[in-house]
Amino acid sequence: DAGVIQSPRHEVTEMGQEVTLRCKPISGHNSLFWYRQTMMRGLELLIYFNNNVPIDDSGMPEDRFSAKMPNASFSTLKIQPSEPRDSAVYFCASSLMFDRGRTDTQYFGPGTRLTVL
Amino acid sequence: GQQVMQIPQYQHVQEGEDFTTYCNSSTTLSNIQWYKQRPGGHPVFLIQLVKSGEVKKQKRLTFQFGEAKKNSSLHITATQTTDVGTYFCAGHAGKSTFGDGTTLTVKP
Chain B
11 DAGVIQSPRH EVTEMGQEVT LRCKPISGHN SLFWYRQTMM RGLELLIYFN
61 NNVPIDDSGM PEDRFSAKMP NASFSTLKIQ PSEPRDSAVY FCASSLMFDR
111 GRTDTQYFGP GTRLTVL
Chain H
20 GQQVMQIPQY QHVQEGEDFT TYCNSSTTLS NIQWYKQRPG GHPVFLIQLV
70 KSGEVKKQKR LTFQFGEAKK NSSLHITATQ TTDVGTYFCA GHAGKSTFGD
120 GTTLTVKP
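Heads up: the sequence lines are chains B and H, in that order.
Just so we're aligned, residue 11 is where the first sequence starts under the working numbering, counting upward by one.
Just so we're aligned, residue 20 is where the second sequence starts under the working numbering, counting upward by one.
Right under this line is the structure:
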């Protein structure tokens, strides 16, 4: 199994530009999570999907951030327009099962290191 | 909302010494998970605790879940240089909330 795949691994862009991060979850997993990690704020859950449906997006910082999951094997996190304070490592994770009652292991991708100049 | 506090933030030990990190939740949890993140890497699942008072062991690592299911600990016996990294707990109560992590450095 290839694990969770994220692309790109590194992204450097200028303020105001649109950034799209991509994630391919582990085949068969029905839950997908987007996290942001910074030294100041630690690991933050931005949004998670269950069966391709967004369940909780309360962690999304503001309207500049949007996430989609058009099918079970692909998700995107878009930032438009990007700002220097968005610089962070963005992780995608997937899980076999996730609901209010129980959780399964979350498998993290390698992350995308985003730098906004 | 749900808060998960983790202490200490940093721990520096001499190789061979023991290490413990503690996790406390503001709400009762249905389960708690522990992850390890090596420098420059991504979080990797270590274990999940579900039952009140549960204790699990993985070689030199001992994980405990409190009776009230609001706190947990990870204890490493006789640390090795390979134990370096940041250890996160993630408490689940409707949604998963990660603690801020404890970063362990081990001096050979």
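Note that beta-carbon positions come from the ideal geometry of N, C-alpha and C, so glycine has one too.
Bear in mind the structure is a predicted one, so any value in this text is a computation, not a measurement.
Residue of the options minimising C-alpha distance to residue i
{"i": "B:ASP114", "options": "H:THR81, H:GLY85, H:LEU65", "result": "H:LEU65"}
{"i": "H:VAL103", "options": "H:THR121, H:LYS76, H:VAL23", "result": "H:THR121"}
For residue i, three-class secondary structure by DSSP
{"i": "H:PRO58", "result": "coil"}
{"i": "B:PRO35", "result": "coil"}
{"i": "B:PRO80", "result": "strand"}
{"i": "B:PRO18", "result": "coil"}
{"i": "B:THR122", "result": "strand"}
{"i": "B:PRO64", "result": "strand"}
{"i": "B:ARG95", "result": "helix"}
{"i": "H:THR101", "result": "helix"}
{"i": "B:ASN40", "result": "coil"}
{"i": "H:ALA112", "result": "coil"}
Contact under 8 Å by Cβ, residue i with residue j
{"i": "H:CYS108", "j": "H:GLN56", "result": "no"}
{"i": "B:THR122", "j": "B:PRO35", "result": "no"}
{"i": "B:ALA103", "j": "B:VAL14", "result": "yes"}
{"i": "B:MET70", "j": "B:LEU56", "result": "yes"}
{"i": "B:ALA77", "j": "B:SER85", "result": "yes"}
{"i": "H:THR100", "j": "H:GLU36", "result": "no"}
{"i": "B:VAL126", "j": "B:SER92", "result": "yes"}
Chain B within 8 Å of residue i, Cβ atoms only
{"i": "H:PRO27", "result": "no"}
{"i": "H:GLN77", "result": "no"}
{"i": "H:HIS61", "result": "yes"}
{"i": "H:PHE82", "result": "no"}
{"i": "H:GLN30", "result": "no"}
Beta carbon proximity, residue i to chain H, threshold 8 Å
{"i": "B:PHE101", "result": "yes"}
{"i": "B:THR122", "result": "no"}
{"i": "B:GLN116", "result": "yes"}
{"i": "B:LEU55", "result": "yes"}
- Task: Taking a Cβ distance cut-off of 7 Å, strictly less, list which residues of the segment 92-124 of chain H are near chain B, in chain order.
- Result: Interface annotation for the segment 92-124 of chain H against chain B: PHE107, HIS111, GLY113, LYS114, SER115, PHE117, ASP119, GLY120, criterion Cβ-Cβ distance under 7 Å.
- Message: Please list, in chain order, the residues of the segment 66-95 of chain B that have any C-beta partner in chain H closer than 8 Å.
- Response: From the segment 66-95 of chain B, only ASP66 have a Cβ closer than 8 Å to chain H.
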